[in-house]
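Asks: Got a structure here, written out as structure tokens. Questions coming.
Residue numbers (this note's numbering): 1187 to 1344.
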């Protein structure tokens, strides 16, 4: 579980760097390793979606494992309610972030085709990056709370 979480953190850092680079490429018009803004955006969205899916899988898989362990535990219901609260906190933020960043990527096609709504791309990027930054805080807090529950469970079983 800890290695899985470390991989998630590593990918979240890579994601954030990619998003900032992609935004800078759009605003400042430069290439990275001869990749245009559109090509780098495609790479970024693929890594982004993989990472967000992996993070959701982390909370689903560890939650399911913890639920099985808590089934016979005397404080199992209390700890399980805490796990459910973590999921209720983190999943909406992940889904909104996927929606905003995915919408930003799709809207990039409107920008490339010089459609009248192309002006919306800059403000949408700022909104998406701010929400993604906030969701990183929510994910970090959720990871910590999940680990605290695991530690609490193991201490009560010793």
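Cβ atoms here follow ideal geometry from the backbone N, Cα and C, with glycine treated the same way.
#1: With a Cβ-Cβ cutoff of 8 Å, do residue 1249 and residue 1256 count as a contact?
#2: Inspect the CB distances between the region 1227–1234 and the region 1261–1280 and report whether three or more fall short of 8 Å.
#3: Nearest CA to the CA of residue 1272: which residue from 1334, 1188, 1207 and 1187?
#4: What residues in its chain sit with their C-beta under 7 Å from that of residue 1324, if we drop five residues either side in the sequence?
#5: Looking at the unbroken alpha helix (DSSP H) that takes in residue 1298, where does it start and where does it end?
#6: Output needed for residue 1300: all residues of its chain with C-beta closer than 6 Å, excluding positions within five of it in sequence on either side, in chain order.
#7: For the candidate residues 1330, 1304 and 1310, whose alpha-carbon lies nearest to that of residue 1205?
#8: Who pairs with residue 1335 in a beta bridge, going by DSSP?
#9: Residue 1193 to residue 1284, Cα distance in whole Å?
#10: Please list the terminal residues of the continuous alpha helix (DSSP H) segment that includes residue 1203.
#11: Can you grab the Cα-Cα spacing for the pair residue 1287 / residue 1269, in whole Å?
Replies: According to the structure shown:
#1: Taking the first residue of the chain shown as position 1, residue 1249 is located at position 63. Taking the first residue of the chain shown as position 1, residue 1256 is located at position 70. Result no, Cβ atoms of residue 1249 and residue 1256 do not sit closer than 8 Å.
#2: no
#3: The sequence position of residue 1272 within the chain shown is 86, counting from 1. Of the listed residues, the one whose Cα sits closest to residue 1272 is 1334.
#4: Taking the chain shown and counting its residues from 1, the one referred to as residue 1324 is at position 138. These residues qualify, in order along the chain: 1275, 1276 and 1279.
#5: As a working note, residue 1298 is residue 112 in the chain shown. Start and end: 1262–1298.
#6: For the purposes of this step, residue 1300 is taken as residue 114 along the chain shown, with counting starting at 1. Excluding positions up to five away in sequence, the list is empty.
#7: In the chain shown, the residue the question calls residue 1205 occupies position 19. Minimum Cα distance to residue 1205 is reached at 1310.
#8: Here residue 1335 refers to the residue found at position 149 of the chain shown. DSSP output for residue 1335 lists no bridge partner at all.
#9: Start at 1 with the first residue of the chain shown, and residue 1193 comes out as number 7. Start at 1 with the first residue of the chain shown, and residue 1284 comes out as number 98. For residue 1193 and residue 1284, the distance between alpha carbons rounds to 19 Å.
#10: In the chain shown, the residue the question calls residue 1203 occupies position 17. Unbroken alpha helix (DSSP H) run through residue 1203: 1188–1214.
#11: The count along the chain shown starts at 1 and reaches residue 1287 at position 101. The count along the chain shown starts at 1 and reaches residue 1269 at position 83. Near 27 Å, if we compare the C-alpha coordinates of residue 1269 and residue 1287.
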